[in-house]
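Residue 3 in UniProt numbering sits at position 3 of the sequence shown, and the numbers go up by one each step.
The beta carbon of each residue, even a glycine, is placed where N, CA and C say it ideally should be.
This one's a predicted model, so the numbers in the text were calculated from it and none came from an experiment.
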Amino acid sequence: MAAVGGGILLLHTGPPKTPPAPPRDRLGILSAPPEASARAGGVLISKVRRGGPASSAGLMTGDVVVEFAGERTQRREDLLRVIAATPPGSFVPISYRRRDETLLTVMRLP
């Protein structure tokens, strides 16, 4: 604390606190707008961060996540709910569609 002109000025000297990353950032993907995902019948991936968990699991832009950790994911909110409930370090199965094929992969959440 320092006195300034009869008042008190509080100085913060520590690093700024950063809030925890939103659950979706844990995967390293961006999902398409809800309308596009609805047409696709699952969570449509619009971008995959290189080196992120989704990339390491083999997911690509254009894939449609239809099941995550045994839970059906028809909307982005479904996926976010399951991600938030899954502890870091967990290995989770992901069922997804790529073109006309349904594929399965396993991802380790950071």
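Who are the Cβ neighbours of residue i in its own chain at under 8 Å, not counting the five residues just before and after it?
i, result
"Leu79", "Arg24, Ser31, Val43, Val65, Phe68, Thr73"
"Arg75", "Pro34, Ser37, Ala38, Val43"
"Ser55", "Gly28, Val48, Arg49"
"Met60", "Ile45, Val48, Arg98"
Pick out whichever of the options has its Cα sitting closest to the Cα of residue i.
i, options, result
"Pro34", "Glu101, Tyr96, Ser46", "Ser46"
"Pro53", "Leu103, Pro88, Gly70, Asp100", "Pro88"
"Val106", "Val82, Ala57, Ile29", "Ala57"
"Gly70", "Pro110, Leu104, Arg26", "Leu104"
Beta-carbon within less than 6 Å of residue i's beta-carbon, same chain only, minus the 5 sequence neighbours each way: which residues are those?
i, result
"Arg98", "Asp63"
"Arg108", "Phe91"
Going by DSSP, name the residue or residues bridged to residue i.
i, result
"Leu104", "Ser95"
Whole runs of the alpha helix (DSSP H) within the stretch 30 to 94, excluding any shorter than 4 residues | If we require 4 residues or more, the alpha helix (DSSP H) runs fully inside the stretch 30 to 94 come out as 34 to 40, 53 to 56, 76 to 85.
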